[in-house]
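These protein sequences, in sequence, are chains S and Y.
Heads up: the first sequence is residues 3 to 131, going by this note's numbering.
Heads up: the second sequence is residues 3 to 131, going by this note's numbering.
Even glycine gets a Cβ: it sits at the ideal position worked out from N, Cα and C.
Below is one structure, written out as structure tokens, with a few remarks after it.
Number of protein chains: 2
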Amino acid sequence: MNIGDAGQAAGLPAKTIRYYEDIGLITPARDANGYRDFSDADVHRLRFLARARALGFAIEDCRKLLALWADTGRASADVRALASEHLLQIETKISDLQQMHATLSHLVTACAGDDRPDCPILQGLEKRL
Amino acid sequence: MNIGDAGQAAGLPAKTIRYYEDIGLITPARDANGYRDFSDADVHRLRFLARARALGFAIEDCRKLLALWADTGRASADVRALASEHLLQIETKISDLQQMHATLSHLVTACAGDDRPDCPILQGLEKRL
DNA sequence: CCTTGACCTTCCAGTGACTGGAGCCCCTAT
DNA sequence: ATAGGGGCTCCAGTCACTGGAAGGTCAAGG
Numbered sequence: 003m004n005i006g007d008a009g010q011a012a013g014l015p016a017k018t019i020r021y022y023e024d025i026g027l028i029t030p031a032r033d034a035n036g037y038r039d040f041s042d043a044d045v046h047r048l049r050f051l052a053r054a055r056a057l058g059f060a061i062e063d064c065r066k067l068l069a070l071w072a073d074t075g076r077a078s079a080d081v082r083a084l085a086s087e088h089l090l091q092i093e094t095k096i097s098d099l100q101q102m103h104a105t106l107s108h109l110v111t112a113c114a115g116d117d118r119p120d121c122p123i124l125q126g127l128e129k130r131l
Numbered sequence: 003m004n005i006g007d008a009g010q011a012a013g014l015p016a017k018t019i020r021y022y023e024d025i026g027l028i029t030p031a032r033d034a035n036g037y038r039d040f041s042d043a044d045v046h047r048l049r050f051l052a053r054a055r056a057l058g059f060a061i062e063d064c065r066k067l068l069a070l071w072a073d074t075g076r077a078s079a080d081v082r083a084l085a086s087e088h089l090l091q092i093e094t095k096i097s098d099l100q101q102m103h104a105t106l107s108h109l110v111t112a113c114a115g116d117d118r119p120d121c122p123i124l125q126g127l128e129k130r131l
């Protein structure tokens with residue numbers, strides 16, 4: 003299977019797959035003409051990667067998840083630890099964004115948004131928040 | 003005022019301020035010895051930048067906000083448009099993260115997290131979400 | 001006067017995870 | 001024979017810093 007089809011099947015652009023090969027996340031076989039040849043297992047691995055990335059796992063975490071996935075003797079605690087840590091980071095990000103949102107939406111609401119120059123948003127940035 | 007003190011006053015590392023000068027967000031005077039010399043207005047500007055960045059505005063948006071701030075003839079509608087657009091992006095990010103969080107916390111809850119290899123998290127990544 | 005240490009300067013390289021593009025090769029269909 | 005739609009590699013750029021090297025400057029203490 004060529005890279006285009008593999009990408010189609012996994013939901014990843016070809017460029018991204020080449021990048022994943024570059025950094026050693028996947029090592030597809032090569033045809034005589036130099037084209038990458040993806041097996042079903044390769045595509046399965048790519049789909050795993052696509053899903054892990056979609057859940058926001060960093061590439062290095064994906065590498066660890068792949069290793070755990072391949073290790074049939076793993077302890078599920080190790081997987082859970084990784085995922086829980088990541089969950090905490092997501093929570094932190096969400097609450098940071100919510101804080102930004104609260105402050106900014108407050109300012110936006112206070113701003114008339116007409117052709118006059120008075121602007122509580124600029125004032126908020128100028129003074130304190 | 004030297005860069006260290008200006009950074010202290012604005013809540014920005016010296017490295018960041020040098021970077022901001024590099025990209026033309028600020029142009030402090032120079033002492034005879036080559037040291038940057040920050041006026042009160044410079045520090046004010048840096049604080050504005052620090053706050054805009056803390057609200058998640060991209061650097062190019064900060065540049066525009068600074069221009070609007072300096073333009074006493076601005077229309078507050080222009081500021082509000084920028085901020086509203088940014089608010090929408092924040093909302094998108096929050097909801098993406100919440101989606102990730104929902105999926106992942108579901109998987110984490112389902113995972114025993116012991117020394118056995120069965121792991122709903124890996125299964126979730128392997129199959130569909 | 002000399003040294004020490006904390007500052008300041010510039011410039012270069014690296015981060016994360018791709019993405020775009022140039023320049024080239026290959027395969028299939030007409 | 002040619003046109004198109006793949007594929008290949010390699011290089012550069014993104015964003016907003018951040019770290020580090022190599023060196024200049026300044027105030028205080030001995």
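| Query | Result |
| --- | --- |
| Exposed or buried, which one is Y:Tyr22 when buried takes at least 16 other CB atoms within 10 Å? | buried |
| Short check: CB of Y:Leu68 to CB of S:Trp71, under 8 Å? | no |
| Within 10 angstroms of the Cβ of Y:Pro15, are there 16 or more other Cβ atoms? Answer buried if so, exposed if not. | exposed |
| Going by the beta-carbon positions, is the gap between Y:Ala12 and Y:Ala43 smaller than 8 Å? | no |
| For S:Cys121, report the span of its alpha helix (DSSP H) as first-last. | Neither: S:Cys121 is in no alpha helix (DSSP H) and is coded neither H nor E. |
| If you measure beta-carbon to beta-carbon, which residues of the stretch 80 to 97 of chain S are closer than 8 Å to chain Y? | Val81, Arg82, Ala83, Ala85, Ser86, His88, Leu89, Ile92, Glu93, Lys95, Ile96 |
| Tell me where the alpha helix (DSSP H) around Y:Tyr21 begins and ends. | 16 to 24 |
| Should Y:Ser97 be labelled buried (16 or more other beta-carbon atoms within 10 Å of its own) or exposed? | exposed |
| What are the boundary residues of the alpha helix (DSSP H) that Y:Ser41 is part of? | Note, Y:Ser41: premise wrong, no alpha helix (DSSP H); not H, not E. |
| Can you tell me whether S:Ser41 is buried or exposed, with buried defined as 16 or more other CB within 10 angstroms of its CB? | exposed |
| Relative to chain Y, which residues along the stretch 50 to 67 of chain S have a C-beta separation below 8 Å, given in chain order? | Phe50, Arg53, Ala54, Ala56, Leu57, Gly58, Leu67 |
| So, do the stretch 107 to 123 of chain S and the stretch 21 to 37 of chain Y have three or more beta carbon pairs nearer to each other than 8 Å? | no |
| Compare the C-beta of S:Ala104 with all C-beta atoms of chain Y and state if any pair is closer than 8 Å. | no |
| Starting from the beta carbon of S:Asp2, find every residue of chain Y whose beta carbon is closer than 7 Å, and list them in chain order. | What the structure shows of chain S is the stretch from 3 to 131, and residue 2 of chain S is not part of that stretch, so it cannot be assessed. |
| Does chain S have any CB closer than 8 Å to the CB of Y:Pro30? | no |
| With a 10 Å radius around its C-beta and 16 neighbouring C-beta atoms as the bar for buried, classify Y:Ala31 as buried or exposed. | exposed |
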